[in-house]
Amino acid sequence: MIRLALLLVALALPAAAQEQIVAGMSQNRVSITADFDGSEILIYGAVKRAGPPPEGVGPLEVIVTVQGPSTPVTVRRKDRVAGIWLNNAEVRVDSAPSFYAVATTGPLDHILSDTDNLRHAITIERVIRAVGITQEADRAGEFLLGLLRVRTDEGRYRVLQGKVELTEETLFRTDVILPANLTEGEYKVRLFLLRDKRVIAHQERVIGVRKEGLERWIFNLAQEEPLIYGLLSLVLAAVAGWGASAAFRLVRA
Amino acid sequence: MQLYLPIAEVSVNAFLLLGLGGIVGFMSGMFGVGGGFLITPLLFFIGVPPAVAVATGANQVVASSVSGVLAQLRRKGVDFTMGWVLLVGGIVGSAIGIWVFRLMTAAGQVDLFVQLSYVIFLGLIGAMMFQESLRSLLRARKPGAPIRRAHVHSWVHGLPFKMKFRASGLYISVIPPLAVGALVGFLAAIMGVGGGFIMVPAMIYLLGMPTKVVIGTSLFQIIFVTAFTTVMHAVTSQTVDMMLALLLILGGVVGAQIGTRVGMRLKAEQLRILLSLLVLAVSVRIAVDLLLEPSELYSVAGALP
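One line per chain: the protein sequences are G and P, in this order. Counting from 1, one number per residue, gives the positions in the first sequence under our numbering. Counting from 1001, one number per residue, gives the positions in the second sequence under our numbering.
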């Protein structure tokens, strides 16, 4: 397996040496403040070549992926039991990203081969490592599809085919919208150059997403001093309750 | 105005939250229920994760109950003796409820268990209240009809350990209030609510308390139950969202004050008929969810970082 991988890397090297990615991003950190309502990241770049574009090969294609922090998740399916719909079966998925966007210059199945998708884990199905779930439920594939559907509906998983603009096989750019329900952590940005359905160069960047200001303070207090946080919430509630009562009495008097 | 909630990790409209809090506070002030059975499903609906919705809902109920109790206090609508007795029963019941909840979680059917208890208890209590209050409303329309006594002497009055509840004008055994408190505490722990919607009818029909002190006493007890729940959630799962709670509270306390005043204008029968309809509506809504095929059969359970 490792030998096969090495061989593939060796085969890919000559092409990779010819064309390389020079990339940039409009920002490499996102601050979640109280008025955070999603963020748009511009990812752009150019293809660096030693000489003129190679001849006798297919057109250049670009794929950009943005991947949020991953966690294990449980996918449950409802079934009708005695007339009532209830959670009847579940499958544990070892690792699923909280956010994943794939932007491409064209339809994925036209520009990317299965082998390279497997090797670089580009599509969301490949990213989700679902190791051993087949033993847990007889229709694990359906659970995986269910997971993809639910998260796509939530705007967490996006496939943006044809959303990367490529000019003269040299300059490319794409906008990736990070949704308002963003999770804190490191967001991995990957850029791939492809020809003839094969990856010829790739690069990785990181966007740091962090809560700032009041959001940071509340979150830290809740995590580090939960008892104080809980009591503070109560005091807040009691004071607000008393305050409203007193204010209304003043208004009436 | 969009606002990002630090614990729930979603961005929602601040005015929507103020409005939600206001509506639930209004109900709470008018009927003497904490509003937990309304706020939690409403928060699910706007996309707040269930664990955060339950915990933060409890925190909001503390505020609206404090506001409501203070309003009731001025019109001498709180029976403190009864409140403490109910609370003692409530704590015992709540401890048992938490234990049963753990057993159900281990069995993997806690969602169904919670939903079924909502349907059964809300449906049962709503139907009972509706039938009773409709009958007394019709009776009030017919002058000259025989007047039924406020509370009839029954086996309840034969029990030992009698105690004087001055504000309620009752001299009864402490056993029924303790049992009512325990039942409410048990259900509250299972359903994640303050339990006012069970407490209010239980006080009226089981204990025979006058409607005047029922709402204040119920709110008084709810403050402590929900305060306990809030701190427990904050410590064990860090799911109380202060920002979310603050907005719900701001709307809620104002709503509770208005609700209390509107409630004072309405007749007791009208109030009970409205509350019973509300309780029935929530029960039917949850029952429909259980019976109709959901549009999405799959669900993804939390565990976001």
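Ideal Cβ placement from N, Cα and C applies to all residues, glycine included. Keep in mind the model is a prediction, meaning the values are calculated, not measured.
Determine, for V22 (chain G), whether the minimum Cβ-Cβ distance to residues of chain P falls below 9 Å.
no
Going by C-alpha to C-alpha distance, which of P:P1041, P:V1200, P:N1013 sits closest to G1216 (chain P)?
Selection P:P1041, P:V1200, P:N1013 evaluated against G1216 (chain P) yields P:V1200 as nearest (Cα-Cα).
Can a CB atom of chain G be found closer than 9 Å to the CB of V1078 (chain P)?
Using beta-carbon distances, V1078 (chain P) does not count as an interface residue toward chain G, since no partner is under 9 Å.
How about Q27 (chain G): is its C-beta nearer than 9 Å to some C-beta of chain P?
Not an interface residue.
So what's P1049 (chain P) in DSSP terms, helix, strand or just coil?
Correct three-state label for P1049 (chain P): coil.
Express the C-alpha separation of L1003 (chain P) and V1180 (chain P) in angstroms, rounding to a whole number.
41 Å
Span separating the alpha-carbon of A1303 (chain P) from that of A96 (chain G):
Any answer about A1303 (chain P) is weak, because its pLDDT of 49 lies below 50 and its placement is not dependable; what the coordinates show is given next. Those two C-alpha atoms are separated by around 10 Å.
Spell out a yes or no on whether the stretch 80-97 of chain G and the stretch 223-230 of chain G are touching, meaning 3 or more CB-CB pairs, one atom from each, closer than 8 Å.
no
Is it buried or exposed for R249 (chain G), if we count other Cβ within 10 angstroms and need 16 for buried?
exposed
Determine, using beta carbons only, whether I124 (chain G) comes closer than 9 Å to chain P.
no
With distances taken Cα to Cα, identify the nearest neighbour of G68 (chain G) among G:Y157, G:A89, G:A23, G:S31.
G:Y157
Following the continuous beta strand (DSSP E) through Y1205 (chain P), name the residue where it begins and the one where it ends.
It is not in any beta strand (DSSP E) - Y1205 (chain P) carries neither H nor E in the DSSP assignment.
Note down the Cα distance separating L1250 (chain P) from W217 (chain G), rounded to an integer number of angstroms.
21 Å
Measure how close the beta-carbons of G1025 (chain P) and V1253 (chain P) come, nearest whole angstrom, since I'm counting them as under 8 Å.
6 Å
Whose C-beta lies closer than 6 Å to the C-beta of A1150 (chain P) among residues of the same chain, with five residues either side of it excluded?
Note that A1150 (chain P) scores 49 on pLDDT, short of 50, meaning its location in the model is unreliable; the coordinates nonetheless yield the value given after this. Hits under 6 Å: none found.
Along chain G, which residues have their Cβ under 9 Å away from the Cβ of S1067 (chain P)?
Neighbours of S1067 (chain P) across chain G, judged by C-beta separation under 9 Å: A240, G241, W242, G243, A244, S245, F248.
Helix, strand or coil at F192 (chain G) according to DSSP, with G and I counted as helix
strand
Please determine, among P:G1255, P:M1030, P:M1243, P:L1271, the residue with the shortest C-alpha to C-alpha distance to A247 (chain G).
Of the candidates P:G1255, P:M1030, P:M1243, P:L1271, the one whose C-alpha sits nearest the C-alpha of A247 (chain G) is P:G1255.
Residue range of the beta strand (DSSP E) that includes I50 (chain G):
The identity of residue 50 (chain G) in the sequence shown is Ala, whereas the question assumes Ile. Taken as a continuous stretch (DSSP letters only), A50 (chain G) belongs to no beta strand (DSSP E), as it is neither H nor E.
Beta-carbon contacts of I1222 (chain P) that lie in its chain and below 6 Å, excluding the five residues immediately before and after:
G1034, S1065, G1194, G1196
Chain-ordered neighbours of D35 (chain G) on chain P, where CB pairs are closer than 8 Å
Residues of chain P whose Cβ lies closer than 8 Å to the Cβ of D35 (chain G) are, in chain order, M1001, Q1002, L1003, Y1004.
Which chain G residues are close to S1117 (chain P), counting only those with a beta carbon under 9 Å from its beta carbon?
None at all; the shortest Cβ gap to chain G is about 13 Å.
Step through the CB atoms of chain G and report whether any lies within less than 9 Å of the CB of I1120 (chain P).
no
Among G:T105, G:G208, G:R195, G:V206, which residue has its Cα nearest to the Cα of G58 (chain G)?
For G58 (chain G), the nearest C-alpha among the options comes from G:R195.
Quick one: measure Cβ to Cβ for G230 (chain G) and A1234 (chain P), integer angstroms, because I've assumed they're closer than 8 Å.
With 8 Å as the limit, G230 (chain G) and A1234 (chain P) qualify as a contact, their Cβ atoms being about 3 Å apart.
Determine the burial state of Y1118 (chain P): buried for a count of at least 16 other Cβ atoms within 10 Å of its Cβ, exposed for fewer.
buried
Compare the beta carbon distance of L191 (chain G) and I21 (chain G) with 9 Å and say whether it is the shorter of the two.
Contact: yes.
9 Å is my cut-off, CB to CB: does L160 (chain G) come that close to chain P?
False, the Cβ-Cβ gap to chain P never drops below 9 Å.
Does E184 (chain G) have its Cβ less than 9 Å from a Cβ in chain P?
yes
Please report the straight-line C-alpha distance between G1077 (chain P) and L1207 (chain P), rounded to a whole angstrom.
16 Å
Straight-line Cα distance separating L145 (chain G) from K78 (chain G):
15 Å
Residue range of the beta strand (DSSP E) that includes A260 (chain G):
Outside the modelled stretch of chain G, which goes from 1 to 253, sits residue 260 (chain G), for which no answer is possible.
Can you pull the chain G neighbours of M1082 (chain P), defined as C-beta to C-beta under 9 Å?
Within 9 Å Cβ-Cβ: nothing; M1082 (chain P) doesn't reach chain G, min ~21 Å.
Nearest-angstrom Cα distance between K1267 (chain P) and E1132 (chain P)?
14 Å
Strictly below 8 Å CB to CB, what residues from chain G border V1048 (chain P)?
Result: empty, since nearest Cβ-Cβ is about 10 Å, beyond 8 Å.
Span of the alpha helix (DSSP H) holding Q1221 (chain P)?
1211-1237
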